[in-house]
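Read in order, the letters of the sequence shown are residues 14 to 423 in my numbering.
We treat Cβ as the ideally placed atom computed from N, Cα and C, and that holds for glycine.
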Amino acid sequence: MIKKLSSWQEIMESDRVISTAFLDNWNEEKSRQQSKKKEEAPDPDEERWGLYDERGNMVTSFIAGPTRLSYDGQIIDCGEGHMIGSLPEARSHGNVRKLLHYVMEEFRSRGYVFCEFVPFSFSFYRQFGFELVARNMSQKFSIDQLKDFKCTMQVKQVLSQRDTDIARKLYETFILDRNFAYLRQDKDWTYRGSGEFGERDWFNKDKQVYTYLFYDDGGKARGYLSYFFEPGPEGPFTGTMKVTDMVYDSPETFRNILGFCYGLRAKMLDVELVLMDDLDLALVLPECSEKIQRKVEGHITGRVLNVEKALSLMKQPQGSGSYSVMVTDAFMTENTGSYQVSYQDGKAVSVEKSDDTTKTADLEVDETTLVQLLVGRADLEEAEYRTGTKVNANRKTLEKAFVHKTICIR
14 MIKKLSSWQE
24 IMESDRVIST
34 AFLDNWNEEK
44 SRQQSKKKEE
54 APDPDEERWG
64 LYDERGNMVT
74 SFIAGPTRLS
84 YDGQIIDCGE
94 GHMIGSLPEA
104 RSHGNVRKLL
114 HYVMEEFRSR
124 GYVFCEFVPF
134 SFSFYRQFGF
144 ELVARNMSQK
154 FSIDQLKDFK
164 CTMQVKQVLS
174 QRDTDIARKL
184 YETFILDRNF
194 AYLRQDKDWT
204 YRGSGEFGER
214 DWFNKDKQVY
224 TYLFYDDGGK
234 ARGYLSYFFE
244 PGPEGPFTGT
254 MKVTDMVYDS
264 PETFRNILGF
274 CYGLRAKMLD
284 VELVLMDDLD
294 LALVLPECSE
304 KIQRKVEGHI
314 TGRVLNVEKA
324 LSLMKQPQGS
334 GSYSVMVTDA
344 FMTENTGSYQ
354 VSYQDGKAVS
364 VEKSDDTTKT
374 ADLEVDETTL
384 VQLLVGRADL
394 EEAEYRTGTK
404 VNANRKTLEK
414 AFVHKTICIR
C-alpha cells in the first residue's frame, strides 16, 4: 500500500525510516515535536509518501513536493524530490521503484513537466529516468586577479524590503534566460533586518550575508551580489569571499561586480563563486590553469514527466519546419511513442504523439538522453555519444532544435 502522509504519527514514522536508511541520528522526542508542528502547520513545499508492507508497516518513505522552474523563457510547474529511503530489511524488493513510480505518476497528473532530484547514486536512479542536468561549477581564485576590473556603477546595500523587492525583480528576469532555476517564493524575499532577506543557507546558518545592488548612471538597477565572509586558516581577520548569489543583466554589469569585489581585498584574500560552466573565469581573469580552483557543484538530476508537454513548451528553431522523435521510456511507459513536432518562429505549433513505434523517426532516444536535450545539458552531437541515441534523418533541423542552453540551478 502507498499513501500520502498527513498525521504527525505518519510523519514521525517517515522520519524514522529515512533516518535509519541514511544511518542518521534519530531523536524520537525531537521528531515527535517537529512532526506535530508539521501536522498543525503543513509546509506547502513538502509532501510525504509512505509505502507499507503486507503487515501494515511503513518500510519506504519519500519526501517530495511541488516547485516552479525556469524553462526556455517560461516558468513551469514541476516536482522536486527531496529524499527517499528504505529500511535495510526491506531492500531488494523494488520498494523504491514502486514508490517513485507512484509519485511520478501523481506529479504528471497534476500537470508537472519535469521532476528535479539530488540522488545519492546516479547509476541507481538513472534506471528510473533521472539524468544529470546541472552544469554549475565552483571557481575559487585570488582576489588580486580582479585588479584590472573597475566598478563605476552606483552600489547600494540592501537594507529594506524595497531594496529586496528590487533584487527579486532582477532575479526573476535573470532566470528566464537560464533553465532549471527555482522561482523563489515570497518567504525567500522577505526582508528580516540586518541587511538580510530569506533564510540563511542550511550549511552556513552562522554567517552574515551581505547583498549589494548595482545601478547605472540613470538610476536603473542592473544586478546584485550576495556574499559572506569565511575566515581563513591564517586567522579570523582575513579569508574568503563566498559568493552566494550573483545576478547581472549584461557582461558590463558582471565586470562591475568583479570590480566591486576587488575593493574588499583588505579582508578578502580569495573569492569563491558558483557560475554555469559555460562561463569559465579563465576567459576573463589574467591567470588561469591552476590559479583557478574548479569543482563541480550541485549534482542535480532531472526527469521528464510529460514528453508531449515538454516538447510543446521547448524553444524551437526559427523559421518553420518539423521533426520527429521516437522516445523509449521503460519507467513511465506512457511517454513511449513517436512525437511529430511542427514549429514556426521559435515555438511549437503542434506536437502529435503516435503509439506506433514501428515507423522510423528522425531521432531515437531514451528518456534520460531526452531530458538532457530538452533542458540543454547536451546538444545533438553530444547526445549521439550516449547509448541508444540514433539520428536517422533531418539532421540539420535536429541540430537547430537541440542546442546547448545555459543552466543555472539555484
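Endpoints, beta strand (DSSP E) assigned at G252: Where G252 is concerned, the enclosing beta strand (DSSP E) stretches over G248 to Y261.
Simplified DSSP state of A234, which is helix, strand or coil: Residue state for A234 is assigned as strand, using DSSP reduced to three classes.
Inter-stretch contact (C-beta, 8 angstroms, three-pair minimum) for the segment 396–407 and the segment 101–118: Between the segment 396–407 and the segment 101–118 there are fewer than three C-beta pairs closer than 8 angstroms, too few to call the two in contact.
Count the CB pairs spanning the segment 158–174 and the segment 313–330 that are closer than 8 angstroms, and state whether there are at least three. Output reads no: the segment 313–330 does not touch the segment 158–174.
Helix, strand or coil for G124, going by three-state DSSP, please let me know. Coil at G124, not helix or strand.
Roughly how many whole angstroms lie between the Cα atoms of F187 and I89? One C-alpha to the other measures close to 15 angstroms.
Sorted by chain position, which residues of the same chain lie with C-beta nearer than 8 angstroms to V126's C-beta, five sequence neighbours on each side aside? A distance below 8 angstroms between beta-carbons, with the five flanking residues on each side excluded, links V126 to the following residues of its chain, in chain order: Y84, I89, D90, C91, V317, L318, N319, K322, A323 and L326.
K255: buried (16+ other C-beta within 10 angstroms of its C-beta) or exposed? Flag for K255 reads buried.
What is the rounded straight-line gap between the Cα of L64 and the Cα of S74? Straight-line Cα distance between these residues: approximately 6 angstroms.
Could you give the C-beta distance for G211 and D201, rounded to a whole number, given that I count them as a contact under 8 angstroms? That pair is a contact at about 4 angstroms.
Could you give the DSSP three-state label for M424: helix, strand or coil? The structure shown does not extend to residue 424, since the chain is modelled only from 14 to 423, so the question has no answer here.
If we count the other Cβ atoms within 10 Å of its Cβ and call it buried at 16 or more, is T165 buried or exposed? Here T165 is exposed, its C-beta having fewer than 16 other C-beta atoms within 10 Å.
With C-beta atoms as the reference, is A194 less than 8 angstroms away from L36? In this structure, L36 does not lie closer than 8 angstroms to A194 by Cβ.
Taking 6 angstroms as the limit between beta carbons, can you name the residues of its chain near S32, skipping five residues before and five after? The residues are W39.
Hey, could you find the ends of the beta strand (DSSP E) P79 is sitting in? Run containing P79: M71 to Y84, per the beta strand (DSSP E) assignment.
Which residues in the same chain have their Cβ closer than 6 angstroms to the Cβ of R235, if we skip the five residues on either side of it in sequence? Excluding positions up to five away in sequence, the list reads F227, D229, D262 and T266.
Less than 8 angstroms separating the beta-carbons of V354 and V364? Yes, the Cβ-Cβ distance between V354 and V364 is below 8 angstroms.
Straight-line Cα distance separating K280 from Q385: Looking at the backbone, the Cα of Q385 and that of K280 are separated by about 41 angstroms.
Measuring only the C-alpha atoms, how far is T177 from E144? Here the alpha carbon of T177 sits roughly 35 angstroms from the alpha carbon of E144.
Ignore the nearest five residues each way along the sequence and tell me which others in M96's own chain have a CB closer than 7 angstroms to its CB. When the five nearest sequence neighbours on each side are left out, the beta carbons in the same chain lying within less than 7 angstroms of the beta carbon of M96 are those of I31 and I76, in order along the chain.
Report yes if the C-beta distance between G315 and V388 is below 8 angstroms; otherwise report no. The Cβ atoms of G315 and V388 lie closer than 8 angstroms to each other.
Assigned secondary structure, T419 (DSSP; H/G/I helix, E/B strand, else coil): The DSSP-derived three-state label of T419 is coil.
Which of helix, strand or coil does DSSP assign to R61? Strand, per DSSP.
Extent of the continuous beta strand (DSSP E) to which V168 belongs: DSSP places V168 in the uninterrupted beta strand (DSSP E) bounded by Q167 to Q170.
Rounded to the nearest angstrom, what separates I305 and G231 at their Cα positions? Rounded to whole angstroms, I305 to G231 spans 35 angstroms at the Cα level.
Per DSSP, which residues does S333 bridge with? Please list them. Per DSSP, Q357.
Tell whether a beta-carbon distance below 8 angstroms holds between M345 and G142. Yes. Within cutoff.
By a C-beta neighbour count over all protein chains shown, 10 Å radius and 16 as the cutoff for buried, is T371 buried or exposed? Exposed is the call here.
Please report the residue range of the beta strand (DSSP E) in which E310 lies. From DSSP, E310 is part of no beta strand (DSSP E); its letter is neither H nor E.
Selected residue, minimal CA-CA separation from R197, among K51, P79 and V131: For the residues K51, P79 and V131, the minimum Cα distance to R197 belongs to P79.
Using only the alpha-carbon positions, how far apart do A391 and V309 sit? When only Cα atoms are considered, A391 and V309 end up about 16 angstroms apart.
To the nearest angstrom, report how far apart F154 and D283 are at their CA atoms. F154 and D283: Cα-Cα distance of roughly 6 angstroms.
Anticipated Cβ contact below 8 angstroms, T224 with V171, distance rounded: Sure, about 4 angstroms apart at Cβ, within 8 angstroms.
Is the separation between the beta-carbon of V131 and that of I313 shorter than 8 angstroms? At a Cβ-Cβ threshold of 8 angstroms, V131 and I313 count as neighbours.
Going by alpha carbons, who is nearest to L112 out of Q46, G94, G272 and E52? Its Cα nearest to that of L112, the residue G94 stands out among Q46, G94, G272 and E52.
At which residue ranges does the segment 100–160 contain complete beta strand (DSSP E) runs of 3 or more residues, listed in the order of the chain? Here the runs fully enclosed are 127–130 and 149–155.
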